[in-house]
Structures are given as C-alpha cells and as structure tokens.
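Peer 1: Handing you this structure, nothing more for now.
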C-alpha cells in the first residue's frame, strides 16, 4: 500500500516542498485516505443497511448523517457531560466514568461550531492528524527508517477499530497525548513529556501509566533499567543521575497532578474521588483480575456455538485482542524496550482486571504495536496482508458501529 | 534524526535560549493546562444548575403533564389513562423528579395516590432532592413489599447514594395495592411525618436534607401515580393534635432492615403523637397479680415457649436466638384489665417486646404486640389476626436503643390500651383487638434478656363498663350468625351446637342475655345459652355451658371434658313461652357460678372446673336470637 501511495505521490506530485517534510506528508496522506474511507463507508452503511432503532438508539444530528454516524454509544456520555455537566448516579451508568479533557476541548470548540457533535468530530480529527505526525516521528526516531514510519501511521489509521478516531470518543486525543509523551521522553525533553503525560492522564485513567513509563525512560537514560536492576552499577548510575539531574524526576512527577485535580473535583462535587471507578460496576465490570476475567470469557465462548453463529462475537474479538496485545507486549519489550512494553501491558491489563469488554478499542491507541507491525511490514507480503486485513475489517466494523451494533 | 527535524527542535534551534523552550515554556503550559482543567471542571463540567419550572401550590392529575420537563431517574415513564405510569424490572429502583424545587424554609405537604400492582416491589415519594437528576442527598418514603410484608420505609440517600433507613414500620395494607393508597409526607423545617390514607404512621423523623426537588419513587413492577399535590403546609394544619416535642429523636440511622409481621387490615387511628406532655392514662397499678420468678424450669413457672431459645438465666428470662422473627413465649394465666410491666435488655441487636391479650399462650395469633423495630429507630405496635397476619397500629421514634435496660408498660382495659416506654408515654387509647388474654414476650432478630415481668390490676375506681353486643368483636366458630343493631341470630336448624365467640376472656363477671328460641318447625329440642371458661375461643375442652333446652322448657348446665363430651352438673324445669325472649343471667365469681332465668335463680354455687376462659354464645338448632347482651367484668357482687 505504501509503495502504491508513494508512486501516486510521485506521479501527481513529482516535485514539491512537502517532499522535504515526510513527517507531515505521510501522516496527512494516511489521515485523508483513511478518513475518506470511513466517512463515506459510514455514510453508505447508515443509509444502505437497516439500522437498529427504538428506545436507546438515539440520533444526535438526524438531519446530517455525515455527523450523526459519529455519535454512538459512549458519545452520548461525552455529549451529556458537555451539555449538562458531570452526573454521578450510583448504581447506574453515569457520565462520571469519563475523563474531562476531551469534553473540555470539545466544549471549547463547540463555542465556535455551536454543534457539539461537529465539535467532537473536529477535536477527534485534529487530534488524530497531530497524533499521526508524532507517531511518524517517534517511529522514525526508533527505527531510523521512513518506510517503517510511513507504515506505522497507515496501519494505525486503518486498524479495524480506527473508525473510533473519527467518532466523538477519546481515542484520537488519547493517542495524541500518549504518543507525544513518549516522543518527548525519548527526546529527553522531560518538561514537554510531563506536559503531555499530564494531558494523557486527564483523558483516560490509563494515561496515568505514562508517569511510570516516562520515569522509566529517564532512569534508562541514567543507566538503570528493569533488566539491569540487579546490577550494583545500575543503581550507582541512577544515584549519580539523581545528583546530576534531580529536577527532571520532579517535573515528571507533575504528570499525576491532572488526575489528582480531577479526583479533587469529584470529591468536592460527589464526595467520591474514585467515582469514575465506583460506577464501573454499572457496566457489569467486576474486579476479578485479568486471569479470572479471561477464563470467564473463554468459558462463555466455549459454551456457545461458533459454527452456528450463536456466539458473542465482540467478546471473541476482545479476547483475541487481549491476547494479541499481550503477545505484542513481549515482542515490544525485546525490540523497543520496557517503557513501551509496560505501557501496552498496563493499558490492556488495567481494564482487563474488570472485563475484556472494549479491549479491541483500547488496543487501538497502543501505538508501539503499530510501530512493531510497521517494522515487520518491511516484507511486502506481510505489508499487503496487514493492509488488506485491516482495511477490510475497518469497513465492516465501521458499518456495524454506525448502525448501532455494539463493537467495543 | 538525520533528514528529519522535530518541530520542537526547530523551535529550539531558532531560539536564542533553549532553556526557555525546553523548560520554561512547557512548565508554563502545564500551569495553563491545570488552570484550564480546573476552571473547566468547576465552571463548565460541574452539574449544571436546573431551573425550577413549577411553583407551589402544584396539583397534577397527570392528564397532560409535559414529562419532557421532568427528570427520570431511570425507567420508562408515561401518561396513561389519567395517571403517570412506569414499568420497572424486578430489583430496579426508578424515580422521576418534577421540575419543582422548594426552598428549605418552606414547610410543605406532598402527596399522591399510588396504585401499586401486585408484582411491584413498592413505590413512594422522593423529596428534598438536592439535585433533580440523582438520588444522592435526598429523602424517600416508600411503601414496600418485603418478604410478603407491606412496610413503610422512610429514610434518606447519603452522598454516596446509599439508602439510610430512619424508620421501618409494618403497615396494615393489603399486599395488593392496585386499588390505590394515598401516601403523604409533611415536611417541616427540621422533621417530617408520613401519612398513609390520611393516618399518621410515623412522625418526627429528622430531616437530613433541607429543601429541594420533589419526585416519585418506584421499585420493580408497574406503578401508577395520580393526584400529585405539593402545597405549603401551615403549622396550624398539623395532621396530629399537639405537635410532639419531647419525643423527637430518631435513632442513629442504620441500613434498612425489615420487620416481618404481615399486614392485611386497615389502619386504626391511635392517638400517636401523645407524649409525656400529655396527661397520663387515668389508670394506676393496683395489686400485683403476677410477678415473674425466673428460676427453675420454664413450664414449672407457667411459661410456654413457642418459638426461639428461651431459658431462665441468672434471674432473667432470656431468648438467645438472634436470628429469626417473632420468637415468643406466653404465660399460662389469662388477665384482663391490667398493667403489664416488663424490664428488658437487648443482648444482641434490637427487637425485643411484649405480647398481650394472647388467646393462647403458645401462639401469636390474635395477640397484641409492642416491640422495638429491628433498626432501633423506635417502637411499633399492633396485633396479629387469626391467621397470624400483623396489623400495624402505630409507630413512635425513640432515642437510640442500646443494651441499656428498658421498661415497657402496657395499660389495657376492655376497649383500649396505652404504651409507656421508660416512663415516657408513647401512645394511648389504641383500640384493642382482643380484650383479654395471656401475656407474653417476644423478640425478632435479636437476643434479649427480660429481667422482670409484672402484671398489676388496674385501679380504675369503678367496675369496668358493661359491654354490649355491638361493642364485641364476634368470631363465628360454627353455624350461620347474623348480627345487627345489638341482636345476633343463628339460623342453621340442624340439631347440633353452634358457637360464636364474644372475643372476651374473663375471670369474674356478670353476663346477661335475652334468648329467643326457634318458634317454627320442629322446635321440640331447640335451645340456646352460653359456653364460658373456654381455654380458647374455639375449644370447648373443660369449658362450662349453660343453656335453655326443649324449646325453653328447661335450663341445664355442666361442663365439657377433655374430649369435649358434655358432663351435666344440674338442670331445672322452667315453663317459658317459646315465642318470647327469655333472660339468662350468669354470675361467675371465684370458684363458682350462679344461673338466673328472668331474674330467678335456678342454680347457685355451681363449682367451676377452670378459673378463667373465653366466652361464647351457644345455639342448639336454629333459629335462635340473642339480644340485650351485657357483660360486666371485674369484681362483681352476687
């Protein structure tokens, strides 16, 4: 796919200034192509396929299908947060489960668009575009290969659940701040990494993981890693690093301030600083631990009939996504280091402690996975396989999503 | 980074002072982000203020209510046939809040007509909600069916949405409330009270949340609401006379627990709300007629346990089973017009109390009950009917109940009873269901030690009033009896005994009744009279009997043995006109009784087999008509 796009670019855009900025050109191409696909795919699916209707299947912008299709399921909670503020209804699914940065950004843009769904879509797409740029640059930084960087942005933008990047969801925003955090950390711009990490932590709860990841990266720079922690020299390196640069860990520790601010707000407003966790049970989530959760889901799937189609297919997809992420985390540890791997592990294991639901969406923002796939995609056959598989399922999943069938 | 430039690096490269770009700029942005976040959270994303669209007085018949302006706390709400209707799944707690907010300084009344379908768990009122879209920080009053019991549960939702019970009271309403019941709450400045069908059930419940939104509440199944009224409540419109002042403390609220008695009958209207500020009953304890000696064996001491683990321990009568409802024990003697004084201590949990006017010492049916509620919020009282279903007669809050000793006293005459706890009068003039009987003790979900049980004669200064037929609660044991205007008539003409219980058990009394025997058909052996000193209302074992026989040509008397076979003690021939009612008078005193017919003594000093018991009217072959019934209880003169 990349080769095809490159040849098109050379044919229609043989010489130009943008060619000097591949970190801008290829993310923009990936963005435009995949968004055109999902936008028109979603529109077509909405008008051509029978959609679920009735109570609970609402339409935020019924007179504009292009916009309306991107407000489904959890989008309603974000819209409610913006329109009515946070609500905490114990025992019921309430919007306090969702973090504030995305609604705040959408509310900001809504001041201009005067259409909250349009504002959400604008925020999501702007975030995605910038996130792809950062991902391109981070991938290039890690692998020193433009081809790998190009593939990484296309793979993530064409992932089967990548339609969430266009929806009134936090996927794009989270991806932007998470990948930017790692990018600045790898560039040893600790204050910028702290800023981005802070923003990530108020986008989703798993964003707080980046505090540890950035700190690990700083320690790695000093000569201490998890794998070398049993060597005295590693600790000597760490202490020397602390004497030399104690300010950086302090600034990195700013990252949790965003989450703490949110928790303080929840405490003052609802007397429960962990309200976002308290309401999880309303979504059927129980803290049983990932092993018990997976065993429970696998047992459930084994009791159903795959061949007869009597199966909870989204559970099947989520369980597959969980295993995929865990395997990839091991491979990422070997190639990209522990920081990336721990980010991936934590980002799937934290939600998996209470359920595998929506894991296929959660792995969408685990950009190290796409960096690794892009590295392996140097082999054209694998690149084609990934491209075809991803784009095909992206179309199918988009059609399912816009017709109010729950995917993730 | 060959061949590729970072945007930040580009900025850094263009800056004369990279330190600004690397540190100061991002740190400044962090400050801005935190400011943006906090400003946004508190000013943009905090719960938005909701306007109050309605004002009081507000009256809604639910004909064309714009429900779009209301706030549903889950569930589907719709207008249907002039009512507001919702469907809730079992276990669901639903609500809807009207866009009506009342300021904290405004006392108000909120009421609605509820039709609770048979499958629904309950329904009620929400009030003083601090925010119209959540239950947290609100009050709730709900009629609930829990384990087959209809109960009124009042309480509030704390900031975490947990319901905290303030009072749980069994209510004498049928389980099927689809016929409709009116639930009202009067919200004052510091307390509130609740009425069911215009009868005060609980009062002086402290308000935790002051002012707020009002709403409707439902739990499981279908409920209909109609006639929602919210209006100002003026202090002079208190639904109970003399607003209570001294008994105002509710217990430390605990999680909701239910008491188990079943409620089926309508609510009587006791003068609840009477406190120590009100005059005490006119009765004063007289001589002690029973004082419990809690030593030895239960049965030897005259106590009959029928549920629970009862034993004498260190001079107390103790029930140790802390799990289970309606544990009970009765004393074998029958009392009437007495003061029952019981000292008790809760050893584990709360739920101790007393039974009185029991028809039998070994069962709760037909007994009156007064006990502490399971949640320790107060005491409640009522009676068990013949099926064992509990009929609530009232509730009164008490200070927090602990393991400290309490003195519970019942004053009961022939018509009403009064309740005193720790020398504080909680209720008086409560109608009696059964006028005399055994006394007993009870516990529910608690272990309780009863340190003393004493029964005193009441010194009323006069003989208890004469009782007429209309004042009795007659209970048909056999035959077909019809009562109207002081006359009762048995119509079955089969040649056998038919009984109707007067509902009175007594020891000494004068009974007089006019009896008109059958005057048509085969009347040669018709008869009518009285059975007395029955061990229970429906048992003739060892009971005495006196009646006319042979169409009024004779009167005879005797008793029934253990097999209910009649054993004669005597008889006399009387030549009476069968077409005219004859007066039969029975005087029971000490160990003998005397019989008179039309004022002439026909039998005297007839020995009694038992000292006390229930009284019934007897018809042998109908129709037999009884009229001018009178019963004078107490110390009688021959």
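Chains as they are written, first to last, in this note's numbering: chain A, 1 to 408; chain B, 1001 to 1638.
Where a beta carbon is used, it is the ideal one built from N, C-alpha and C, also for glycine.
1) In the DSSP output, which residue or residues are listed as bridge partners for residue 1614 of chain B?
2) Rank A:303, A:50 and A:23 by C-alpha distance to the C-alpha of residue 402 of chain A and give the top, closest one.
3) Thinking C-beta only, is residue 1195 of chain B closer than 9 Å to residue 1185 of chain B?
4) By the three-class DSSP mapping on this structure, what secondary structure does residue 351 of chain A have?
5) 9 Å is my cut-off, CB to CB: does residue 1135 of chain B come that close to chain A?
6) Tell me whether residue 1534 of chain B is buried or exposed, calling it buried when 16 or more other Cβ atoms sit within 10 Å of its Cβ.
7) How about the region 199 to 218 of chain A and the region 176 to 183 of chain A: do they share at least three Cβ pairs that are nearer than 8 Å?
8) Short of 9 Å Cβ to Cβ, which residues in the region 144 to 177 of chain A face chain B?
9) Quick check: the Cα distance between residue 73 of chain A and residue 163 of chain A, rounded to an integer number of angstroms?
10) Just to confirm the assignment: which complete beta strand (DSSP E) runs, minimum length 3, are found wholly within the region 1359 to 1436 of chain B?
11) According to DSSP, simplified to helix, strand and coil, what is residue 1461 of chain B?
12) If I measure Cβ to Cβ from residue 322 of chain A and keep anything under 7 Å in the same chain, skipping five residues before and after, which residues do I get?
13) Give the list of continuous beta strand (DSSP E) stretches no shorter than 3 residues that lie fully inside the region 1040 to 1121 of chain B.
14) Name the chain B residues whose beta carbon is nearer than 8 Å to that of residue 262 of chain A?
15) Using the Cβ count rule (16 or more neighbours within 10 Å means buried), how would you classify residue 232 of chain A?
16) Figure out for me which residue from B:1223, B:1102 and B:1419 has the closest Cα to the Cα of residue 1232 of chain B.
17) Is the distance from the Cβ of residue 230 of chain A to the Cβ of residue 203 of chain A below 9 Å?
18) When the distance is taken between beta carbons, is residue 1398 of chain B closer than 9 Å to residue 1327 of chain B?
19) Can you check DSSP and say which residues form a bridge with residue 39 of chain A?
20) Can you tell me the Cα-Cα spacing of residue 328 of chain A and residue 381 of chain A, whole angstroms?
21) Taking the alpha-carbon positions, what's the residue 1580 of chain B to residue 1307 of chain B distance?
22) Taking Cβ to Cβ, would you say residue 107 of chain A is nearer than 9 Å to residue 130 of chain A?
23) Which residue spans inside the region 1548 to 1613 of chain B form an unbroken beta strand (DSSP E) run of at least 3?
24) Which term fits residue 1031 of chain B, buried or exposed, when burial requires 16 or more other beta carbons within 10 angstroms of its beta carbon?
25) For residue 85 of chain A and residue 1049 of chain B, what's the separation of their Cα atoms in angstroms?
26) Give, in chain order, every unbroken run of the alpha helix (DSSP H) that is at least 4 residues long and sits entirely within the region 22 to 74 of chain A.
27) Just to confirm the assignment, what range does the alpha helix (DSSP H) spanning residue 318 of chain A have?
28) Answer with buried or exposed for residue 1295 of chain B, where buried requires no fewer than 16 other C-beta atoms within 10 angstroms of its C-beta.
29) Cβ closer than 7 Å: which chain B residues qualify as neighbours of residue 310 of chain A?
30) For residue 1142 of chain B, collect the residues of the same chain with a Cβ closer than 6 Å to its Cβ; drop the 5 residues on either side in sequence, then sort them by chain order.
31) Going straight from the alpha carbon of residue 99 of chain A to that of residue 161 of chain A, what length do you get?
32) Report yes if the C-beta distance between residue 1477 of chain B and residue 1616 of chain B is below 9 Å; otherwise report no.
33) Please state whether DSSP places residue 409 of chain A in a helix, a strand or coil.
34) Looking only at its own chain, which residues have a Cβ that is under 6 Å from the Cβ of residue 217 of chain A, when we skip the five neighbours before and after it?
35) In chain A, which residues lie with their C-beta within 9 Å of the C-beta of residue 1078 of chain B?
36) Name the residues in the region 1040 to 1064 of chain B whose C-beta lies less than 7 Å from a C-beta of chain A; which are they?
Peer 2: The answer reads as follows:
1) Bridge partners of residue 1614 of chain B: B:1505 and B:1534.
2) Measuring from the Cα of residue 402 of chain A, the nearest candidate turns out to be A:50.
3) Closer than 9 Å, so yes.
4) When secondary structure is reduced to three states using DSSP, residue 351 of chain A falls in the helix class.
5) Yes, residue 1135 of chain B counts as interfacial toward chain A.
6) So residue 1534 of chain B ends up on the buried side.
7) Remark: three or more beta-carbon pairs, one from each stretch, lie closer than 8 Å, so the region 199 to 218 of chain A and the region 176 to 183 of chain A are flagged as touching.
8) Those would be 144, 146 and 149, in chain order.
9) Those two C-alpha atoms are separated by around 13 Å.
10) Runs of beta strand (DSSP E) with 3 or more residues, each lying fully within the region 1359 to 1436 of chain B, are found at 1368 to 1372, 1378 to 1384, 1390 to 1397, 1406 to 1412, 1416 to 1421 and 1424 to 1431, listed in chain order.
11) Residue placement at residue 1461 of chain B is poorly supported in this model, since its pLDDT is 42, which falls under 50; the coordinates are not used for a value here.
12) Closer than 7 Å at the Cβ level, and outside the excluded window around residue 322 of chain A, lie 294, 348, 352, 356 and 359.
13) When DSSP assignments are scanned along the region 1040 to 1121 of chain B, the uninterrupted stretches of beta strand (DSSP E) that are 3 or more residues long and fall wholly within it turn out to be 1058 to 1060, 1076 to 1080, 1083 to 1102 and 1108 to 1116.
14) Taking a Cβ-Cβ cut-off of 8 Å, the neighbours of residue 262 of chain A in chain B comprise 1037 and 1041, given in sequence order.
15) So residue 232 of chain A ends up on the exposed side.
16) It is B:1102.
17) Taking 9 Å as the Cβ cut-off, residue 230 of chain A and residue 203 of chain A do not qualify as a contacting pair.
18) Cβ distance not < 9 Å, so residue 1327 of chain B and residue 1398 of chain B don't count as in contact.
19) Answer is none; residue 39 of chain A lacks a bridge partner.
20) So the alpha carbons of these two residues sit roughly 20 Å apart.
21) Spanning the two alpha carbons is a distance of roughly 51 Å.
22) For the pair residue 107 of chain A and residue 130 of chain A, the CB atoms are not nearer than the 9 Å cut-off.
23) Annotation note: the region 1548 to 1613 of chain B contains the following uninterrupted beta strand (DSSP E) runs of length 3 or greater, listed N- to C-terminal: 1554 to 1560, 1566 to 1573, 1582 to 1589, 1592 to 1597 and 1600 to 1607.
24) Its Cβ having fewer than 16 others within 10 Å, residue 1031 of chain B is exposed.
25) Distance between residue 85 of chain A and residue 1049 of chain B, taken at the CA atoms: about 9 Å.
26) Here the runs fully enclosed are 22 to 48 and 65 to 68.
27) Counting along the chain, the unbroken alpha helix (DSSP H) around residue 318 of chain A starts and ends at 313 to 336.
28) The residue in question, residue 1295 of chain B, is exposed, as its Cβ has fewer than 16 Cβ neighbours within 10 Å.
29) In chain order: nothing, as chain B lies at least about 25 Å away.
30) Closer than 6 Å at the Cβ level, and outside the excluded window around residue 1142 of chain B, lie 1122, 1124, 1153 and 1217.
31) Answer to the nearest angstrom: the Cα atoms are 21 Å apart.
32) Taking 9 Å as the Cβ cut-off, residue 1477 of chain B and residue 1616 of chain B qualify as a contacting pair.
33) The structure shown does not extend to residue 409 of chain A, since chain A spans only 1 to 408, so no value can be given for it.
34) Excluding sequence neighbours, residue 217 of chain A sits near 185 and 339.
35) Per Cβ cutoff of 9 Å: no residues; residue 1078 of chain B is ~12 Å from chain A at best.
36) Residues passing the 7 Å Cβ filter: 1040, 1041, 1042, 1044, 1045, 1046, 1047 and 1048.
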